[in-house]
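Chemist:
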Amino acid sequence: MPVDLADPFAAEPQERARPVRDFAREYVRSPGAVLGFAVLLAIVLAAVFAPLLTPQNPYDLMQLDIMDGQLPPGESSMAYGFNYLLGTDEQGRDIYSAILYGLRISLGVGVVSAVSAALVGATLGLFAAYKGGRIEAAIMRLVDLQLSFPTILMALMILALLGKGVANVVLALVLVEWATFARTARGVGMVESRKEYIEASYVLGIPAWRIMLRHLLPNCIPPLIVIATVQVARAISLEATLSFLGVGVPITEPSLGLLISNGYQFMFSGLYWMSVYPGIALLITIVAINLVGDRMRDVLNPRKDA
Amino acid sequence: MDRPDMSIRALPVTPILEVRNLTTSFRGSKGWSPVVRDLSFHIAPRETLAVVGESGSGKSVTALSVMRLLNPRSARIEGEILFGGTSLPGLSDSQIRGYRGREMSMIFQDASLNPVYDVGFQLMETLRIKRGLTQRDAKREAVQLLEKVRIPSAKKRLDDFPHELSGGMRQRVAIAMALACKPQLLIADEPTTALDVTIQAQIVELIKQLQDEERMSVMFITHDMGVVAEIADRTAVMYRGDLVETGRTADVFAAPRQPYTRALLASIPRLGSMNGTDLPQPFALIDHRSGEPVAAAEAEVAAPPASAAPRLSVKDVSVRFDVRGGLLGGVTGRVHAVEDVSFDIAPGETLSLVGESGSGKSTTARAIMGLNRVRQGRITMGDLVAAGEGQAPRSALCDRLQMIFQDPFASLDPRMRVGDLLAEPLRVHGTAQGEALRTRVGELLRDVGLSPEMAARFPHQFSGGQRQRIAIARALALDPELVVADEAVSALDVSVKAQIINLMMEIQRARGLSYLFISHDMAVVERISHRVAVMYLGRIVEIGPRRAVFENPGHAYTRQLMSAVPVPDPARRHLRRGLAVDEIRSPVRPLGYQPPPTRMIELSPGHFVLDEGDAAQPQAKGRPADLAKA
Numbered sequence: 000m001p002v003d004l005a006d007p008f009a010a011e012p013q014e015r016a017r018p019v020r021d022f023a024r025e026y027v028r029s030p031g032a033v034l035g036f037a038v039l040l041a042i043v044l045a046a047v048f049a050p051l052l053t054p055q056n057p058y059d060l061m062q063l064d065i066m067d068g069q070l071p072p073g074e075s076s077m078a079y080g081f082n083y084l085l086g087t088d089e090q091g092r093d094i095y096s097a098i099l100y101g102l103r104i105s106l107g108v109g110v111v112s113a114v115s116a117a118l119v120g121a122t123l124g125l126f127a128a129y130k131g132g133r134i135e136a137a138i139m140r141l142v143d144l145q146l147s148f149p150t151i152l153m154a155l156m157i158l159a160l161l162g163k164g165v166a167n168v169v170l171a172l173v174l175v176e177w178a179t180f181a182r183t184a185r186g187v188g189m190v191e192s193r194k195e196y197i198e199a200s201y202v203l204g205i206p207a208w209r210i211m212l213r214h215l216l217p218n219c220i221p222p223l224i225v226i227a228t229v230q231v232a233r234a235i236s237l238e239a240t241l242s243f244l245g246v247g248v249p250i251t252e253p254s255l256g257l258l259i260s261n262g263y264q265f266m267f268s269g270l271y272w273m274s275v276y277p278g279i280a281l282l283i284t285i286v287a288i289n290l291v292g293d294r295m296r297d298v299l300n301p302r303k304d305a
Numbered sequence: 000m001d002r003p004d005m006s007i008r009a010l011p012v013t014p015i016l017e018v019r020n021l022t023t024s025f026r027g028s029k030g031w032s033p034v035v036r037d038l039s040f041h042i043a044p045r046e047t048l049a050v051v052g053e054s055g056s057g058k059s060v061t062a063l064s065v066m067r068l069l070n071p072r073s074a075r076i077e078g079e080i081l082f083g084g085t086s087l088p089g090l091s092d093s094q095i096r097g098y099r100g101r102e103m104s105m106i107f108q109d110a111s112l113n114p115v116y117d118v119g120f121q122l123m124e125t126l127r128i129k130r131g132l133t134q135r136d137a138k139r140e141a142v143q144l145l146e147k148v149r150i151p152s153a154k155k156r157l158d159d160f161p162h163e164l165s166g167g168m169r170q171r172v173a174i175a176m177a178l179a180c181k182p183q184l185l186i187a188d189e190p191t192t193a194l195d196v197t198i199q200a201q202i203v204e205l206i207k208q209l210q211d212e213e214r215m216s217v218m219f220i221t222h223d224m225g226v227v228a229e230i231a232d233r234t235a236v237m238y239r240g241d242l243v244e245t246g247r248t249a250d251v252f253a254a255p256r257q258p259y260t261r262a263l264l265a266s267i268p269r270l271g272s273m274n275g276t277d278l279p280q281p282f283a284l285i286d287h288r289s290g291e292p293v294a295a296a297e298a299e300v301a302a303p304p305a306s307a308a309p310r311l312s313v314k315d316v317s318v319r320f321d322v323r324g325g326l327l328g329g330v331t332g333r334v335h336a337v338e339d340v341s342f343d344i345a346p347g348e349t350l351s352l353v354g355e356s357g358s359g360k361s362t363t364a365r366a367i368m369g370l371n372r373v374r375q376g377r378i379t380m381g382d383l384v385a386a387g388e389g390q391a392p393r394s395a396l397c398d399r400l401q402m403i404f405q406d407p408f409a410s411l412d413p414r415m416r417v418g419d420l421l422a423e424p425l426r427v428h429g430t431a432q433g434e435a436l437r438t439r440v441g442e443l444l445r446d447v448g449l450s451p452e453m454a455a456r457f458p459h460q461f462s463g464g465q466r467q468r469i470a471i472a473r474a475l476a477l478d479p480e481l482v483v484a485d486e487a488v489s490a491l492d493v494s495v496k497a498q499i500i501n502l503m504m505e506i507q508r509a510r511g512l513s514y515l516f517i518s519h520d521m522a523v524v525e526r527i528s529h530r531v532a533v534m535y536l537g538r539i540v541e542i543g544p545r546r547a548v549f550e551n552p553g554h555a556y557t558r559q560l561m562s563a564v565p566v567p568d569p570a571r572r573h574l575r576r577g578l579a580v581d582e583i584r585s586p587v588r589p590l591g592y593q594p595p596p597t598r599m600i601e602l603s604p605g606h607f608v609l610d611e612g613d614a615a616q617p618q619a620k621g622r623p624a625d626l627a628k629a
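Which chain is which? The protein sequence lines are A and B, in order. Per numbering that gives the first Met the number 0, residue 0 is the first one in the first sequence, and the count goes up by one each step. Per numbering that gives the first Met the number 0, residue 0 is the first one in the second sequence, and the count goes up by one each step.
(1) So is residue 222 of chain A in contact with chain B if we call contact Cβ pairs under 9 Å?
(2) Buried or exposed: which applies to residue 546 of chain B, given that a residue is buried once 16 or more other Cβ atoms fall within 10 Å of its Cβ?
(3) If we ignore side chains and look at the alpha-carbon of each, how far apart do residue 21 of chain A and residue 26 of chain B end up?
(4) Quick one: list the residues of chain A neighbouring residue 414 of chain B, beta-carbon separation under 7 Å, in chain order.
(5) At the level of alpha carbons, what is the spacing between residue 306 of chain A and residue 245 of chain A?
(6) Taking Cβ-Cβ distances below 9 Å as the criterion, which residues of the stretch 189-207 of chain A are in contact with chain B?
(7) Skipping 5 residues on each side, what residues in its chain have a beta carbon closer than 7 Å to that of residue 52 of chain A?
(8) What does residue 512 of chain B touch in chain A if you count any residue whose Cβ is under 8 Å from its own?
(9) Span of the beta strand (DSSP E) holding residue 33 of chain B?
(10) Please report the distance separating the alpha-carbon of residue 153 of chain A from that of residue 321 of chain B.
(11) Please confirm whether residue 50 of chain A and residue 81 of chain A have their CB atoms less than 9 Å apart.
(12) Given that a residue counts as buried once 16 or more other Cβ atoms are within 10 Å of its Cβ, and exposed if not, what is residue 30 of chain B?
(13) Using only alpha-carbon positions, find the residue among B:569, B:471, B:199, B:239 that is nearest to residue 108 of chain B.
(14) Quick one: residues in its chain with C-beta nearer than 8 Å to the C-beta of residue 369 of chain B, no 5 flanking neighbours on either side, listed in chain order?
(15) Could you tell me how far apart the beta carbons of residue 69 of chain A and residue 255 of chain A are, in whole angstroms, since I believe they sit closer than 8 Å?
(16) Can the beta-carbon of residue 259 of chain B be found less than 9 Å from the beta-carbon of residue 222 of chain B?
(17) From which residue to which residue does the beta strand (DSSP E) around residue 324 of chain A run?
(18) Going by Cα to Cα distance, which pick from A:183, A:150, A:188, A:190 is closest to residue 171 of chain A?
(19) With 9 Å as the threshold, decide whether the Cβ of residue 327 of chain B is near any Cβ in chain A.
(20) Who are the Cβ neighbours of residue 422 of chain B in its own chain at under 7 Å, not counting the five residues just before and after it?
(21) Rounded to a whole number of angstroms, what is the C-alpha to C-alpha distance between residue 575 of chain B and residue 160 of chain B?
(22) Nearest-angstrom Cα distance between residue 306 of chain A and residue 96 of chain A?
(23) Pull up the DSSP beta-bridge partners for residue 234 of chain B, would you.
(24) Unbroken beta strand (DSSP E) runs of length 3 or more, entirely within the stretch 538-564 of chain B: which are they?
(25) Within 10 angstroms of the Cβ of residue 4 of chain A, are there 16 or more other Cβ atoms? Answer buried if so, exposed if not.
(26) Using a beta-carbon distance below 9 Å, is residue 470 of chain B in contact with chain A?
(27) Mind checking residue 455 of chain B: buried by the 16 CB within 10 Å criterion, or exposed?
(28) Looking at chain A, which residues of the stretch 582-616 of chain B have a Cβ within less than 8 Å of any of its Cβ atoms?
(29) Sorted by chain position, which residues of the same chain lie with C-beta nearer than 7 Å to residue 279 of chain B's C-beta, five sequence neighbours on each side aside?
(30) Would you decide whether residue 291 of chain B is buried or exposed? Buried here means 16 or more other CB atoms lie within 10 Å of its CB.
(31) Measuring CA to CA, which of A:163, A:91, A:48 is closest to residue 66 of chain A?
(32) Are the C-beta of residue 428 of chain B and some C-beta of chain A separated by less than 9 Å?
(33) Measuring CB atoms only, is the stretch 90-103 of chain B touching the stretch 133-144 of chain B, in the sense that at least three cross pairs come out at less than 8 Å?
(34) Given a threshold of 16 other Cβ atoms within 10 Å of its Cβ, counted over all protein chains shown, does residue 277 of chain A qualify as buried or as exposed?
(35) Rounded to the nearest angstrom, how far is the Cβ of residue 308 of chain B from that of residue 48 of chain B, given a contact under 8 Å?
(36) Less than 8 Å between the CB atoms is what I'm expecting for residue 117 of chain B and residue 519 of chain B, so what's the real figure, rounded?
Printed below as a string of structure tokens:
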């Protein structure tokens, strides 16, 4: 067969796409989002390296000194000599250290629950989108049912049944969050599965599971990443609320929400720092994540050119 | 100076629009890159200039530059644009707004109407704002405008919303809107590209007549040389941002000076060029740089063996879609998309299905591929049932029956490398593994005229034509007996179209492949087919050997379809036809509608025409909503 390699009328092939680099270049155009990312990065690093950055391990009772209890910010420890930057609680626990250790629990719960919810929700949503018909109707009615309950009520009910514990909180969060992912995944999946490349794969006799996994899923990822980011923030604040209400994480593994709750009783005695500083830390974390999420939604939105 | 008329006539005509050394650049990642380079042209009063070129040639950008519709932050315009002596680039935004719509108007490919307002409101809005008419005057003027663009019962149409009108009618409304202020220049950017041939012919005719009546100039942007030949006084050919050639249309067609123009003209399928021959024949292409003929296979494709059993057999197939409506979502009617269709395809044969949108040709293809459910009848591929009762699993059929899709930008998974795309079916069906797999992928790429190294690239790194080659390679991966090509070349530029068709014929000769070729383009169909079936409203109205159908069409619709095809020859410009405003009828039928039986009359051996007594006339016409009331 004669080979004409040069398609004489071919348009110049586009430049090689570098999705990650393009994404980064587009992302940094918003200064607020860059700030959000920097703050988030700092928070995550602080949480990961908490033992190196803190003067005491707030949950090692050997390191606490009851004599240092209820010190305002800036006071120095009598026994150890270091400075309590943000004050101490009634047991002499350094609030600054407690916040960094609390961030580990809060971020951990938030990320693990959002990722698990994304896995469950996206799987069901894409399955519904690809299969259609009764399977889709059944899954989507379940989603509607789920979304019609107030989230906090649902989570409270689940935790009332299961009891306290980090694993239980994660489970509760997954159960209240999967529906959002399922709905988004189905929406994107339906658009994608009507495209010709999905039909072409079907015509080539490629098994359904492979079409969903290898073709449908990769093309639906960007919007799911955006949802996942926002849901991490939602999960963190929900967990804080649950912990504040006393049904969340146990006292042995305190998150930011539990710190706020513990300090709350001293609020009106003028010992504001026990509750306010963990609250500010929570606020900054959530704002930073939302800044990043919003920018990602702008950049990854497929209709942004239109 | 008592006779000013005379003195004006004596002077050389001042052009309405004069563009000198126009360069338009877009901001990219590497700074400004020119999309249109050093372009100069002019349009005289009452003249039609066609700007013709393939995608990426910069023809639309030129029009947008003239209208100043480009975002100044991302696009830069250099050079001079004079409109009736005024320099447009120097004007302020509010000044240019006075020109837009009033002095020069633009119509686009898909009629740009706002879907939430009715047609009358949108027309009257333009009239009130741009011409300062009162509500009453605006309404009367709107009716007149709709009548001017030959919309039947114009008064009633004022209350219609854009979605209630067909594509052709919408384009008429858009033209009416553009003419609202009697502009001196109408810029039409691919106004007929999204329309069916018969509707396209009507719109082209309409623009021609309106130009006469309104005494305006037209800048007609198109990729279709046939339309150019029909409408243009002068033609400008563009290629990748450069003006290649301009001249009187007749001269450009008769004696093109540039190799690119020659190559472009050589690649246009011309209806009637195959008269007197029986077999499909590739295009004789010309290289666009040297102007020399491309050494392509010129041999015709052999006729299929006369006695062989058919490969694909479609028997009495009907496909219907439910139309739901009402409070409870009950079925209120059915789209009879395919009605009682039967045909066979022999080994090595190409059967083409032609028809306009809504004729059911794509639905037929999709039914064969198992993408649409068959309501009645049976499709068999050798000893296997492809659709209908006792349907074989897809995995058993996919090495006999494959498909090429219309849009080469949508039919390849954007996240997979070309090599993986081609290897996937082979791997899934266990045809080849490891080193053998890689060799096979290389062979496939070479078979479609690409190089094996391209396997490592992603689809978006290829041009449209190359992508369609990849799609063909993938369809061939499992070595099928029959390939369904659903509008496989419709989305491609003319020259690429011709190459892909040549490639398909080449593959057919090498492998003895059969094609079911689906297209709305009669001229392309004439090139590639052994046999042709014409579909209208879900039925085959005529089927037979290509030569018989094209040279001796038996059905009125076939003749209508053929006369609507624009002829790329200015010398044979159609005589003014009466302006038909026919619309393609709706295949929506009420519940319980019984289609009349299909009887075919044999005109000559193998050439059948649908026998339509008076029973076959579609009973229901109009929208589903009307049917529900009935």
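Heads up, the beta-carbon is just placed ideally off N, CA and C, and yes, glycines get one too. Please read all numbers here as calculations on a predicted model, not as lab measurements.
Modeler: Taking the coordinates as given:
(1) For the purposes of this step, residue 222 of chain A is taken as residue 223 along the first sequence, with counting starting at 1. False, the Cβ-Cβ gap to chain B never drops below 9 Å.
(2) Start at 1 with the first residue of the second sequence, and residue 546 of chain B comes out as number 547. So residue 546 of chain B counts as buried.
(3) Position 22 of the first sequence, counted from the first residue, corresponds to residue 21 of chain A. Position 27 of the second sequence, counted from the first residue, corresponds to residue 26 of chain B. Spanning the alpha carbons of residue 21 of chain A and residue 26 of chain B requires a straight line of approximately 16 Å.
(4) The residue labelled residue 414 of chain B in the question sits at position 415 within the second sequence. Those within 7 Å of residue 414 of chain B in chain A are 217, 218.
(5) The structure shown does not extend to residue 306 of chain A, since chain A spans only 0 to 305, so no value can be given for it.
(6) Listed by position along the chain: 194, 195, 196, 197, 198, 199, 200, 201, 202, 203, 204, 205, 206.
(7) Locating residue 52 of chain A in the first sequence gives position 53, where the first residue counts as 1. Result list for residue 52 of chain A: 45, 99, in chain order.
(8) Within the second sequence, numbered from 1, the residue matching residue 512 of chain B stands at position 513. Going along chain A, no residue has its Cβ under 8 Å from residue 512 of chain B, so there is no contact; the nearest lies around 13 Å.
(9) Here residue 33 of chain B is taken as the residue at index 34 of the second sequence, counted from 1. Where residue 33 of chain B is concerned, the enclosing beta strand (DSSP E) starts and stops at 30-42.
(10) In the first sequence, the residue the question calls residue 153 of chain A occupies position 154. In the second sequence, the residue the question calls residue 321 of chain B occupies position 322. Looking at the backbone, the Cα of residue 153 of chain A and that of residue 321 of chain B are separated by about 40 Å.
(11) Residue 50 of chain A sits at position 51 when you count from the first residue of the first sequence. Residue 81 of chain A sits at position 82 when you count from the first residue of the first sequence. No, the Cβ-Cβ distance between residue 50 of chain A and residue 81 of chain A is not below 9 Å.
(12) Reading the second sequence from its first residue, position 31 is the one you call residue 30 of chain B. By the 16-neighbour rule on beta-carbons within 10 angstroms, residue 30 of chain B is exposed.
(13) Your numbering for residue 108 of chain B matches position 109 in the second sequence. Checked all of B:569, B:471, B:199, B:239; the closest Cα to residue 108 of chain B is B:199.
(14) Position 370 of the second sequence holds residue 369 of chain B. Same-chain partners within the cutoff: 385, 386, 390, 393, 396.
(15) The sequence position of residue 69 of chain A within the first sequence is 70, counting from 1. The sequence position of residue 255 of chain A within the first sequence is 256, counting from 1. With a Cβ gap of about 20 Å, residue 69 of chain A and residue 255 of chain A do not count as contacting.
(16) Along the second sequence, one-based indexing puts residue 259 of chain B at 260. Along the second sequence, one-based indexing puts residue 222 of chain B at 223. Cβ distance not < 9 Å, so residue 259 of chain B and residue 222 of chain B don't count as in contact.
(17) Given that chain A is displayed from residue 0 to residue 305, the structure contains no residue 324 of chain A and the question cannot be resolved.
(18) As a first step, residue 171 of chain A is located in the first sequence; it is residue number 172 there, counting from the start. Here the closest residue by C-alpha is A:150.
(19) Mapped onto the second sequence, residue 327 of chain B falls at position 328. It does not: the Cβ of residue 327 of chain B has no partner Cβ on chain A nearer than 9 Å.
(20) Mapped onto the second sequence, residue 422 of chain B falls at position 423. The beta carbon of residue 422 of chain B lies closer than 7 Å to those of 436, 440 in the same chain, with the five residues before and after it left out.
(21) For this step, residue 575 of chain B is matched to residue 576 along the second sequence. For this step, residue 160 of chain B is matched to residue 161 along the second sequence. The predicted model places residue 575 of chain B with a pLDDT of 48, which falls under 50 and marks its position as unreliable, so this point remains unresolved.
(22) Past the edges of chain A, shown from 0 to 305, lies residue 306 of chain A, and the structure says nothing about it.
(23) Translated into the one-based positions of the second sequence, residue 234 of chain B becomes position 235. When DSSP reads this structure, residue 234 of chain B sits in a beta bridge with B:49, B:246.
(24) Here the runs fully enclosed are 538-544.
(25) Reading the first sequence from its first residue, position 5 is the one you call residue 4 of chain A. With a pLDDT of 36 at residue 4 of chain A, under the threshold of 50, the modelled position of that residue is not reliable, and no figure is offered here.
(26) What you label residue 470 of chain B is simply residue 471 of the second sequence in a count that begins at 1. Under the 9 Å criterion on CB atoms, residue 470 of chain B is classed as interfacial with respect to chain A.
(27) What you label residue 455 of chain B is simply residue 456 of the second sequence in a count that begins at 1. Exposed.
(28) Residues of the stretch 582-616 of chain B that bring their beta carbon within less than 8 Å of a beta carbon in chain A are absent altogether.
(29) Here residue 279 of chain B corresponds to residue number 280 of the second sequence, with the count starting at 1. The answer, listed in chain order, is 299, 300, 349, 504, 526, 527, 528, 529.
(30) For the purposes of this step, residue 291 of chain B is taken as the residue at position 292 of the second sequence. Answer is exposed; the Cβ neighbour count stays below 16.
(31) For the purposes of this step, residue 66 of chain A is taken as the residue at position 67 of the first sequence. For the options A:163, A:91, A:48, the alpha carbon positioned closest to that of residue 66 of chain A is the one of A:91.
(32) Walking along the second sequence from the start, residue 428 of chain B turns up at place 429. At least one chain A Cβ lies under 9 Å of residue 428 of chain B.
(33) Per the Cβ contact rule, the stretch 90-103 of chain B is not in contact with the stretch 133-144 of chain B (fewer than 3 Cβ pairs under 8 Å).
(34) As a position in the first sequence, residue 277 of chain A is number 278, starting the count at 1. Under the 10 Å beta carbon count, residue 277 of chain A is surrounded by 16 or more other beta carbons and is classified as buried.
(35) Locating residue 308 of chain B in the second sequence gives position 309, where the first residue counts as 1. Locating residue 48 of chain B in the second sequence gives position 49, where the first residue counts as 1. Rounded to whole angstroms, the Cβ separation of residue 308 of chain B and residue 48 of chain B is 56 Å, and the two are not in contact under 8 Å.
(36) Within the second sequence, numbered from 1, the residue matching residue 117 of chain B stands at position 118. Within the second sequence, numbered from 1, the residue matching residue 519 of chain B stands at position 520. Incorrect: roughly 30 Å between the Cβ atoms, too far for contact.
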